[in-house]
Amino acid sequence: MDPILVAVITLGLIVLFLGAGVWVFAGLLLVSCSSLYFLLDMDPMRIGRIMATLVIRSATSAEVAAIPLFVWMGELLLRTDVSRRMFEGLSPIVHHLPGRLFHTNVLGSALFAAICGSSAATTATVGKITAHELDRRGYNRSLNYGSLAGAGSFGLLIPPSVVLIVYGVLAEVSISRLFLAGVVPGLLIAGMFSAYIGLRCIVDKSLAPSDGVPSATSDILRGVQLLLPVLALVLMVLGSIYSGLATPSEAGAVGVGATLLLTLVTRQLSWKVIRDSLSAAVHTSCMIVAILITASFLSTAMAYLHVPQQVASYIAHLELSPYELIAVLAVFFIVLGMFLEGISITVMSLPITLPLITAAGFDPIWFGIFLVVMTELAQITPPVGFNLFILQNLTTVSILRVAVYAAPFFMLMCLAAAILTIWPDIVLWLPSFL
Numbered sequence: 053m054d055p056i057l058v059a060v061i062t063l064g065l066i067v068l069f070l071g072a073g074v075w076v077f078a079g080l081l082l083v084s085c086s087s088l089y090f091l092l093d094m095d096p097m098r099i100g101r102i103m104a105t106l107v108i109r110s111a112t113s114a115e116v117a118a119i120p121l122f123v124w125m126g127e128l129l130l131r132t133d134v135s136r137r138m139f140e141g142l143s144p145i146v147h148h149l150p151g152r153l154f155h156t157n158v159l160g161s162a163l164f165a166a167i168c169g170s171s172a173a174t175t176a177t178v179g180k181i182t183a184h185e186l187d188r189r190g191y192n193r194s195l196n197y198g199s200l201a202g203a204g205s206f207g208l209l210i211p212p213s214v215v216l217i218v219y220g221v222l223a224e225v226s227i228s229r230l231f232l233a234g235v236v237p238g239l240l241i242a243g244m245f246s247a248y249i250g251l252r253c254i255v256d257k258s259l260a261p262s263d264g265v266p267s268a269t270s271d272i273l274r275g276v277q278l279l280l281p282v283l284a285l286v287l288m289v290l291g292s293i294y295s296g297l298a299t300p301s302e303a304g305a306v307g308v309g310a311t312l313l314l315t316l317v318t319r320q321l322s323w324k325v326i327r328d329s330l331s332a333a334v335h336t337s338c339m340i341v342a343i344l345i346t347a348s349f350l351s352t353a354m355a356y357l358h359v360p361q362q363v364a365s366y367i368a369h370l371e372l373s374p375y376e377l378i379a380v381l382a383v384f385f386i387v388l389g390m391f392l393e394g395i396s397i398t399v400m401s402l403p404i405t406l407p408l409i410t411a412a413g414f415d416p417i418w419f420g421i422f423l424v425v426m427t428e429l430a431q432i433t434p435p436v437g438f439n440l441f442i443l444q445n446l447t448t449v450s451i452l453r454v455a456v457y458a459a460p461f462f463m464l465m466c467l468a469a470a471i472l473t474i475w476p477d478i479v480l481w482l483p484s485f486l
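Counting the sequence shown from 1 gives a position; the working numbering is that position plus 52.
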């Protein structure tokens, strides 16, 4: 059968299964098995042996071991007062900026993303304080919720990122280099968000009402003091990796240990916190690893069917320029993002897109960051945008309305993706030192 037709059928089956409500990992498994059995007439025993090999390889991977550790770290922090500490610490620091407390959404999300690696946890942790506090103080609701939805996606890009770990495992590239590659783009997007907020508030000062007495130096120093535990966690996790003292997996263990110590010192550690955070971390980690294994299985099945090579050859015959290829893939990822979350987009698309990208001369490290920026967009696109769901639960505002509020930040991330494509050294500069 024509591999292009196989690719279309495979994608159609995946959409059909997911549209029917089948779990992502189950849908990928069904598509992989049926493709090998019906299209290649492969013996079921051989299919089972291939699957068993992938399960063992994933279960013994040191990189995959980092996922539950960073997830548990985020779940622990979600159950502490770290969001209140960040808000109170950042408030006097951003007081003199145009937009004032709106910047706590951006800076708070960037800080929390640097210690947990999860978009959902970042949005929920920062939002449970800022969403209601800024409303109470009379800040513009659309800019408040929109900036929170957009900035909450930083958890996918700013290291340590779970999606970058998944990409590194599947693409077989250095996770440490991927983490470094995400730093400058993450700061760039955060800076673009803050600049947009500042310009909006300069044009219309009613968006961010005055909070009264300007912050004194003592208030700023007290704010820095409140932020010290969070900054210490960031330095311990990332510092342990880039000092050479720990691998990404070992850094996850360092982060969990430091987080447990922080919750103990602040008298927030209890058996209930440990039980609830472990339960949530196990649930999330099992989901991620199951998707990772079945995605590897799908990639293997596609390789047996020669789909990636034939699709790459077909697109090569279209004679698209590298920029035209990136534009086509960007639209493809945005459409996928309307129905899937970040990890699913990554694992489903990578078997076909990565060969195309490498054939076009793009660096796999750069493509990892570009792909994550595209999956960030998926967090704020209806009907399936995880950050939109979280904000709906926090604020009772409808998903479509939150999506409208987030639209300017969606456009800013699209602009950031274009900037990273035109100037790839923004991504590759830091990893070049490793």
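All C-beta atoms in this analysis are idealised placements derived from N, C-alpha and C, irrespective of residue type, glycine included.
When you compare only the Cα positions, how much space is there between residue i and residue j?
i	j	result
Phe384	Met400	12 Å
Val454	Ala233	30 Å
Arg188	Val334	36 Å
His155	Thr132	22 Å
Val123	Glu371	42 Å
Phe272	Ser194	The residue you asked about is not Phe; residue 272 is Ile in the sequence shown. Between Ile272 and Ser194, the C-alpha separation is close to 28 Å.
Ala260	Thr318	33 Å
Ala201	Thr175	7 Å
Gly307	Thr352	34 Å
Asp289	Ala303	Here the sequence assigns Val to residue 289, which means Asp is not the residue at that position. Taking the straight line from one Cα to the other gives about 5 Å.
Leu65	Ser171	28 Å
Ser331	Cys338	11 Å
Val503	Ser295	It is not possible to answer for residue 503, since the shown part of the chain is limited to 53 through 486.
Met390	Ser270	46 Å
Thr336	Pro120	8 Å
Leu440	Lys257	27 Å
Leu47	Tyr191	Past the edges of the chain, shown from 53 to 486, lies residue 47, and the structure says nothing about it.
Ala379	Ile474	12 Å
Val449	Leu443	8 Å
Run through DSSP, which three-state label would residue i get?
i	result
Gln431	coil
Leu187	First, the residue type needs correcting, since residue 187 is Asp and not Leu in the sequence shown. Here Asp187 sits in helix by DSSP.
Gly437	coil
Thr132	coil
Arg193	helix
Leu372	coil
Arg319	coil
Ile386	helix
Arg152	coil
Gly413	coil
Pro476	coil
Trp481	coil
Pro212	coil
Ser170	coil
Leu377	helix
Leu357	coil
Asp328	helix
Thr448	coil
His147	coil
Trp75	coil
Met138	helix
Hey, does residue i have any beta-carbon neighbour from chain B nearer than 7 Å?
i	result
Tyr191	The question asks about chain B, but that chain is absent: this structure has only one protein chain.
Return the Cβ separation of residue i and residue j in integer angstroms, given the expectation that the two are a contact with Cβ distance under 8 Å.
i	j	result
Val178	Ser161	5 Å
Ile13	Ile432	The structure shown does not extend to residue 13, since the chain spans only 53 to 486, so no value can be given for it.
Leu209	Glu428	6 Å
Phe231	Glu185	About 32 Å separates the two Cβ atoms, so there is no contact after all.
Leu388	Ser84	With a Cβ gap of about 18 Å, Leu388 and Ser84 do not count as contacting.
Phe414	Pro460	Not quite, the Cβ-Cβ distance comes to about 28 Å (not below 8 Å), so this is no contact.
Leu446	Ala183	5 Å
Ala40	Pro237	Residue 40 lies beyond the residue range present for the chain, which begins at 53 and ends at 486; the question has no answer from this structure.
Pro150	Ile254	5 Å
Leu472	Phe438	With 8 Å as the limit, Leu472 and Phe438 do not qualify as a contact, their Cβ atoms being about 23 Å apart.
Ile167	Met125	7 Å
Thinking just about the alpha-carbon of each residue, which of the options is nearest to the one in residue i?
i	options	result
Leu287	Glu376, Thr311 and Gly275	Thr311
Val107	Ala347, Leu313, Ser484 and Met244	Ala347
Glu127	Phe441, Leu65, Ile326 and Arg152	Ile326
Val158	Tyr248, Leu313 and Ser86	Tyr248
Asn417	Leu377, Ala379 and Glu224	A small fix is needed here, since residue 417 is Ile in this sequence, not Asn. The residue with the shortest Cα to Cα distance from Ile417 is Glu224.
Ala342	Ser171, Gly64, Val218 and Leu130	Val218
Leu406	Leu222, Arg274 and Val282	Leu222
Phe226	Ile397, Ile293, Thr398 and Met463	Reading off the sequence shown, one finds Ser at residue 226, where the question assumed Phe. For Ser226, the nearest C-alpha among the options comes from Ile293.
Met463	Met125, Ile241 and Pro144	Ile241
Tyr356	Asn192, Gly79, Trp75 and Leu91	Leu91
Ser301	Asp256, Leu251 and Val214	Val214
His147	Gly275, Leu80, Ala379 and Gly100	Gly275
Ile404	Ala298, Leu377, Met390 and Asp477	Leu377
Leu482	Ala298, Met244 and Arg229	Arg229
Leu163	Leu285, Ile345, Phe419 and Phe422	Leu285
Asn196	Gly220, Ser246 and Leu279	Ser246
Thr315	Val235, Arg137, Ala458 and Leu153	Arg137
Could you tell me whether any non-hydrogen atom of the ligand PLP is closer than 6 Å to the CB of residue i?
i	result
Thr448	Inclusion of the ligand PLP in the displayed structure is not the case, the ligand content being empty and no account of it being possible.
Taking only runs of the alpha helix (DSSP H) that begin and end inside the region 225-300, which ones reach a length of at least 4 residues, in chain order? 227-255 and 269-294
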